[in-house]
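J.: Below is a structure I'd like to ask you about.
In my numbering, the protein residues as written are 1 to 257.
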């Protein structure tokens, strides 16, 4: 069984992840209404999106550097998993895929322009790239697992380096979500007050990853303990996909080849 290696890889098994998990799940349902034919996913993660997307695809190839739960792959007859790091998209032929989906991955990739070019390469003409990433203005602190984060304009510019047509959307939350977000902000501010020298922005990423993971998980579980009804009560329907604006939690763009 795949493990939830870091707080970056959210799980439906951990109630403290629910705020992020429900938002992540929405991306898969959004994509499931737009995919067809041969679908490639870059970044399987916990694999919870497989059962949402695979039934809408003729075939579904999902790739990740970590192995997902085997039963999630085997439950769908049209699913293949390959373990690899990207870019490049090794072994995937040019113009062989109808749709590519990739959620909360591009911010982890150093060669983001090459990543987007590789997606463009494997897509057939008219194919779609459905991709999400955190909206930088909404981040509460530096995430050392991310190479970079993007504003709406920066993300558009990245995609338009390869794609001529880009639809800019974002994920926003209702009052319940905002209530949790504010409580989360207060928790983060309590933690970062012990960093008067702003070391989170001065130290190299690798030095901060384990402390970030521990403190992030501690904060999520504290929020669950103190606000259990709110934390567990957030549902996918509390989020919605709308035209992008600065207070969207995630950017979710659809690029067409």
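C-beta atoms are modelled at their ideal positions from N, C-alpha and C, and glycine is treated no differently.
Computed from a predicted structure; not experimentally measured.
Going by CA-CA distance only, name the one from 11, 114, 100, 30 that's closest to residue 68.
T.: 11
J.: Return the first residue and the last residue of the beta strand (DSSP E) that residue 124 is part of.
T.: 123-134
J.: Using the beta-carbon count (16 or more within 10 Å), is residue 245 buried or exposed?
T.: That one is exposed.
J.: List, from N- to C-terminal side, the beta strand (DSSP E) runs of 3 residues or more that fit wholly inside the stretch 93-181.
T.: 97-103, 123-134, 165-173
J.: Go through the stretch 188-257 residue by residue and report every complete run of the beta strand (DSSP E) that reaches 3 residues or more, in order.
T.: 239-243, 250-256
J.: Below 8 Å between beta carbons: does that hold for residue 65 and residue 97?
T.: no
J.: Taking the alpha-carbon positions, what's the residue 155 to residue 44 distance?
T.: In this structure, the alpha-carbon of residue 155 lies about 21 Å from that of residue 44.
J.: Use the C-beta contact count for residue 220: other C-beta atoms within 10 angstroms, 16 or more gives buried, fewer gives exposed.
T.: buried
J.: What are the start and end residues of the alpha helix (DSSP H) that includes residue 32?
T.: 18-32
J.: Decide if the stretch 160-177 is in contact with the stretch 223-243; the criterion is three or more beta carbon pairs, one per stretch, under 8 Å apart.
T.: Three or more Cβ pairs drawn from the stretch 160-177 and the stretch 223-243 lie within less than 8 Å of each other, which places the two stretches in contact.
J.: Of all Cβ atoms in chain C, is any one closer than 8 Å to the Cβ of residue 100?
T.: Protein chains in the displayed structure number just one, and chain C is not present.
J.: I need the boundaries of the beta strand (DSSP E) containing residue 38, first residue and last residue.
T.: Here the beta strand (DSSP E) through residue 38 covers 38-42.
J.: Hey, would you say residue 35 sits closer than 8 Å to residue 101, going by beta carbons?
T.: yes
J.: Going by CA-CA distance only, name the one from 223, 146, 140, 200 that's closest to residue 106.
T.: Of the candidates 223, 146, 140, 200, the one whose C-alpha sits nearest the C-alpha of residue 106 is 146.
J.: Measuring alpha carbon to alpha carbon, tell me which of 257, 252, 9 ends up nearest residue 133.
T.: 252
J.: Return the Cβ separation of residue 223 and residue 184 in integer angstroms, given the expectation that the two are a contact with Cβ distance under 8 Å.
T.: 6 Å
J.: Quick one: grab the DSSP three-state call for residue 281.
T.: Look at the range of the chain in this structure, 1 to 257, and you will see that residue 281 is not part of it.
J.: When you compare each of 17, 25, 142, 13 to residue 200 by their alpha carbons, which one comes out closest?
T.: 142
J.: Measuring alpha carbon to alpha carbon, tell me which residue in 138, 236, 72 is nearest residue 51.
T.: 72
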